[in-house]
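Below: one structure, written as structure tokens.
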Amino acid sequence: MEIYSSAKTKAKSDQPVAFYYSRTKLIVGAVIWTLSTAFFGALTYRSIGETGVMAFCGFITATSIWMIFNCIKPLGSLDTPVLTIGRDGILFPDGVLIAWDDMKENTYVDQSYMGIPIGKSVVVKTTLKKPKVKQLRVAAVQMSSDEYLAECDRYSQAA
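Counted from 1, the sequence shown has number 66 at position 50 by my numbering; the numbering is strictly sequential.
This is the structure we're talking about:
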């Protein structure tokens, strides 16, 4: 049985859906990593006499600084879509378009450890020679796994 939809609704459903970074998630991430950098920086400073501990804390401090940069960098491009899903397939931010027919597997990975969210990513395995696997971290993107999978189902069925 076919459900009636107006021409305006059909035209709107033919448009690709774009997902963007969440400003709130990026700012919260930058604050958390700044606090982490301050804490581990203080530990690094306090352990100057102990080489092994200082190296370990210094490594964590450097990693925290890198994570701050990863949270601040996307704040300059909030109006640029991170992921675009349409009839043609999934368009990634680096310009790679993977068509629905070229996908072997399309998963949304949500990792957590004892209830603490660790990471979220979209993983697309393809039949193409390059890229065989395309992965994108989406922890700071305004979308849930249900939204992503629903849009993928909707557009892949229409293709």
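Beta carbons: idealized from backbone N, C-alpha and C, even for Gly.
Asked, Found
"I believe Y37 touches P109 by the beta-carbon criterion, under 8 angstroms. Please report the beta-carbon distance rounded to the nearest angstrom.", "Actually they are not in contact, since the Cβ atoms of Y37 and P109 sit about 10 angstroms apart, beyond 8 angstroms."
"Going by other Cβ atoms of all chains shown within 10 Å of its Cβ, with 16 needed for buried, is V44 buried or exposed?", "exposed"
"Which value, in whole angstroms, describes the spacing of the CA atoms of F75 and A46?", "18 angstroms"
"Going by beta carbon distance, what residues of the same chain come within less than 8 angstroms of M70, once the five residues before and after it are set aside?", "T60, S63 and I64"
"Ignore the nearest five residues each way along the sequence and tell me which others in S172's own chain have a CB closer than 7 angstroms to its CB.", "W116"
"Taking C-alpha atoms, which residue in K136, V140, G131 and G92 lies nearest to K150?", "V140"
"Quick one: complete alpha helix (DSSP H) runs, 4+ long, within the stretch 62-132?", "67-88"
"For the beta strand (DSSP E) that A34 lies in, which residues bound it at each end?", "V33 to F35"
"Please report the distance separating the alpha-carbon of T53 from that of M83.", "9 angstroms"
"Under three-state DSSP, which class holds K41?", "helix"
"Would you mind stating whether Y124 and L165 have Cβ atoms separated by less than 8 angstroms?", "yes"
"With a cut-off of 8 angstroms on the beta carbons, I'd call V33 and I101 a contact; round off their distance for me.", "5 angstroms"
"Since V157 and L107 are thought to touch, with beta carbons under 8 angstroms apart, how far apart are those beta carbons, to the nearest angstrom?", "Not really, about 14 angstroms apart at Cβ, beyond 8 angstroms."
"Buried or exposed for S160, please, with buried defined as at least 16 other CB atoms from any protein chain shown within 10 angstroms of its CB.", "exposed"
"Grab me the residues of D114's own chain with a C-beta within less than 7 angstroms of its C-beta, minus the 5 sequence neighbours each way, in chain order.", "Note on residue identity: the sequence assigns Ile, not Asp, to residue 114. Within the same chain, I114 has close Cβ partners G105, I106, V140, T142 and K150."
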